Amino acid sequence: MKYGQAIEELLLGKKLTRTGWNGAGLYIFYVEGFRTSDYSSITGNAESAVRPFIMMSSVDETLVPWLATQSDVLAGDWMVVE
């Protein structure tokens, strides 16, 4: 599927991957916004708002915030992870 369709699937709670990605097991998923006090020592706020974002599960199963590259946006090889 194309990127626009992939974003719609993300917003429905699906995990997605691309056949063009090198690492087996890589996938992205949508994270709803939330509130946290974990960063209060840095921000000076007792509770900070975290806006929604897309997270990637990497090959070693660690999580990292994800940003699409131009190749990702233009690709047509997006797939839902079952």
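Residue numbers (the working numbering): 1210 to 1291. Cβ coordinates follow ideal geometry from the N, Cα and C atoms, glycine included. Keep in mind that this is a model prediction, so the values were computed, not measured.
Distance CB(residue i)-CB(residue j) smaller than 9 Å
{"i": "Pro1274", "j": "Met1264", "result": "yes"}
{"i": "Gly1242", "j": "Val1259", "result": "yes"}
{"i": "Phe1238", "j": "Ser1266", "result": "yes"}
{"i": "Asp1281", "j": "Arg1227", "result": "yes"}
CB-CB length for residue i against residue j, believed under 8 Å
{"i": "Leu1225", "j": "Glu1217", "result": "Wrong, their Cβ atoms sit about 10 Å apart, outside the cutoff."}
{"i": "Val1290", "j": "Tyr1212", "result": "At roughly 16 Å, the Cβ-Cβ gap does not stay under 8 Å, so Val1290 and Tyr1212 are not in contact."}
Distance, residue j Cα to residue i Cα
{"i": "Asp1286", "j": "Ala1255", "result": "43 Å"}
{"i": "Leu1272", "j": "Thr1252", "result": "22 Å"}
{"i": "Ala1284", "j": "Val1240", "result": "22 Å"}
{"i": "Gln1214", "j": "Thr1278", "result": "16 Å"}
{"i": "Met1262", "j": "Glu1270", "result": "Position check: residue 1262 holds Phe in this sequence, whereas Met was assumed. The alpha-carbon atoms of Phe1262 and Glu1270 are separated by roughly 18 Å."}
Identity of the residues DSSP links to residue i by a beta bridge
{"i": "Met1265", "result": "Ile1237, Val1273"}
{"i": "Ser1257", "result": "Thr1245"}
{"i": "Lys1224", "result": "Val1290"}
Neighbour flag for residue i against chain C, beta carbons, 9 Å
{"i": "Ile1216", "result": "The chain labelled as chain C is not found in the depicted structure, where only one protein chain is given."}
Evaluate the contact criterion for the stretch 1244-1251 versus the stretch 1223-1235: three or more CB pairs, one atom per stretch, below 8 Å.
no
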